[in-house]
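In structure tokens:
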């Protein structure tokens with residue numbers, strides 16, 4: 102079965118809402134990470150991405166870009182992350198915002214540093230959303246996920262149904278015994 106992009110996104114959104122981000126497939130999380138990167142960068146440049154909580158996951162987004170084969174986009178994000186210094190990338194938003202405030206706004210040519218990087222992300226990079234979404238669609242088409250909640254919840258519902266039936270039988274039995282005895 103071939104799913105169109107809207108069907109894939111709808112299914113992913115439903116799964117995310119139902120089971121939570123951490124329980125999603127790695128390819129689903131990769132799509133979300135790369136989607137947020139592009140959404141923030143297109144809305145307010147890469148400065149907005151790094152200033153917001155989405156920037157907490159920049160290292161994960163970089164790994165996702167590499168996994169989906171978006172090497173040019175990964176290079177742009179890596180270059181942007183290097184602006185925070187040679188040490189580990191700051192995942193703490195407050196620390197990252199302190200560093201952002203200390204960065205020059207413009208490069209040597211007078212261009213806005215983060216706008217220039219965002220332009221590179223969109224002009225020089227692969228079609229990141231399509232690459233990521235295609236991997237999610239492949240996972241769905243190959244049966245890696247079920248549209249049903251996990252099997253544990255099926256068992257819980259099954260046991261709950263059995264217990265309710267036993268309770269109903271017990272109540273009816275008690276009423277019958279009381280009626281016969283009374």
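Numbering (the numbering used here), first residue to last: 102 to 283.
Virtual Cβ for every residue (Gly too), placed ideally from N, Cα, C.
Neighbour-count burial assignment, residue i, 16 or more Cβ in a 10 Å radius
i           : result
residue 146 : buried
residue 206 : exposed
residue 226 : buried
residue 156 : buried
residue 224 : exposed
residue 48  : A query on residue 48 cannot be resolved here, the shown segment of the chain reaching from 102 to 283 and no further.
Inter-residue Cα distance where the pair is residue i and residue j
i           : j           : result
residue 131 : residue 185 : 23 Å
residue 104 : residue 211 : 46 Å
residue 234 : residue 109 : 7 Å
residue 282 : residue 122 : 58 Å
residue 107 : residue 236 : 14 Å
residue 119 : residue 209 : 48 Å
residue 251 : residue 163 : Residue confidence is low: residue 251 scores 49 on pLDDT, short of 50, so the model does not pin down where it sits. Its coordinate-derived value is still stated next. Cα-Cα distance, rounded: 30 Å.
residue 192 : residue 179 : 14 Å
residue 241 : residue 279 : 56 Å
residue 113 : residue 161 : 19 Å
residue 152 : residue 158 : 12 Å
residue 190 : residue 140 : 21 Å
residue 182 : residue 111 : 31 Å
residue 124 : residue 222 : 29 Å
residue 239 : residue 129 : 11 Å
residue 247 : residue 213 : 46 Å
Proximity to residue i [Cα-Cα], best of the options
i           : options            : result
residue 203 : 112, 279, 148      : 148
residue 195 : 242, 213, 154      : 154
residue 116 : 245, 280, 279      : 245
residue 127 : 219, 160, 165, 214 : 165
residue 304 : 182, 161, 143      : Residue 304 lies beyond the stretch modelled for the chain, which goes from 102 to 283, so this question has no answer here.
residue 177 : 240, 241, 129, 217 : 217
residue 215 : 112, 150, 161      : 150
Heavy atom of the ligand COA within 8 Å of residue i beta-carbon
i           : result
residue 182 : This structure simply doesn't include the ligand COA, nor any ligand for that matter.
Taking three-plus beta-carbon pairs below 8 Å as touching, is the stretch 164-172 in contact with the stretch 194-204?
Touching, no, given that fewer than three Cβ pairs across the two stretches are closer than 8 Å.
Quick check: the stretch 224-233 against the stretch 131-139, are there 3 or more CB pairs under 8 Å?
yes
At 4 residues or longer, and completely inside the stretch 123-168: list those alpha helix (DSSP H) runs for me, N to C.
127-152
My parser needs the alpha helix (DSSP H) runs of 4 or more residues fully inside the stretch 177-225; what are they?
194-203, 214-224
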